[in-house]
Amino acid sequence: MISGINGGNCILSSMAKERVKSGIIDHAQILGMKSAYTVVFDGSQWNGEPLVLSSSRQPYEPRIFKSLDGALAELLRIGLTEASIKITDNTDSE
97 MISGINGGNC ILSSMAKERV KSGIIDHAQI LGMKSAYTVV FDGSQWNGEP LVLSSSRQPY
157 EPRIFKSLDG ALAELLRIGL TEASIKITDN TDSE
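Here this note's numbering is used: the first residue of the sequence shown is 97, the next is one more, and so on.
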């Protein structure tokens with residue numbers, strides 16, 4: 097497997113786009129609750145942690161999307177055609 101930035105598990109959209117083109121990444125999950133969604137790439141792990149989309153402003157932290165539409169739009173820009181969504185709330189115990 098290939099790590100994200102600086103050997104971590106966060107990757108930028110540009111890095112994810114290249115991995116989609118090469119077939120390393122082919123599916124993602126949008127996880128979260130209202131106004132706080134993250135994108136996790138299925139089947140792509142580094143040191144036992146899933147690869148997570150980050151932003152160029154904070155490349156070492158998961159990118160937080162305020163809406164599902166924003167997260168989906170970013171996945172489309174990256175080139176992914178498959179994604180699942182898992183909505184959680186504050187009472188979930190995962």
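Beta carbons: idealized from backbone N, C-alpha and C, even for Gly.
Please return the same chain residues whose Cβ sits closer than 7 angstroms to the Cβ of L164, not counting the five positions on each side in sequence.
Reading the sequence shown from its first residue, position 68 is the one you call residue 164. The answer, listed in chain order, is I126, Y133 and I181.
Using a Cβ-Cβ cut-off of 8 angstroms (strictly less than) and excluding sequence neighbours within five positions of S150, which residues of its own chain qualify?
Mapped onto the sequence shown, residue 150 falls at position 54. So the qualifying residues of the chain are G100, I101, C106, I107, L108, Y156, E157, P158 and R159.
Give a single yes or no on whether K130 has its beta carbon closer than 7 angstroms to a heavy atom of the ligand PLP.
For the ligand PLP, the structure offers nothing, since it holds no ligand at all.
Give the list of continuous alpha helix (DSSP H) stretches no shorter than 4 residues that lie fully inside the stretch 145-190.
164-174
Note down the Cα distance separating L171 from M111, rounded to an integer number of angstroms.
Position 75 of the sequence shown, counted from the start, is the residue given in the question as residue 171. Position 15 of the sequence shown, counted from the start, is the residue given in the question as residue 111. Using only the alpha carbons, I get a separation of about 12 angstroms.
In the DSSP assignment, find the alpha helix (DSSP H) that holds K130 and state where it starts and stops.
The residue given as residue 130 occupies position 34 in the sequence shown. First-last for K130: undefined, no H or E at that position.
Spatial distance of E222 from L168 (CA atoms):
A question about residue 222 goes unanswered here, because the residues of the chain that appear run from 97 up to 190.
For I183, count neighbouring C-beta atoms within 10 Å of its own C-beta (all shown protein chains included) and say buried if the count is 16 or more, exposed if not.
For the purposes of this step, residue 183 is identified with residue 87 of the sequence shown, where counting begins at 1. When all chains shown are included, I183 counts as exposed.
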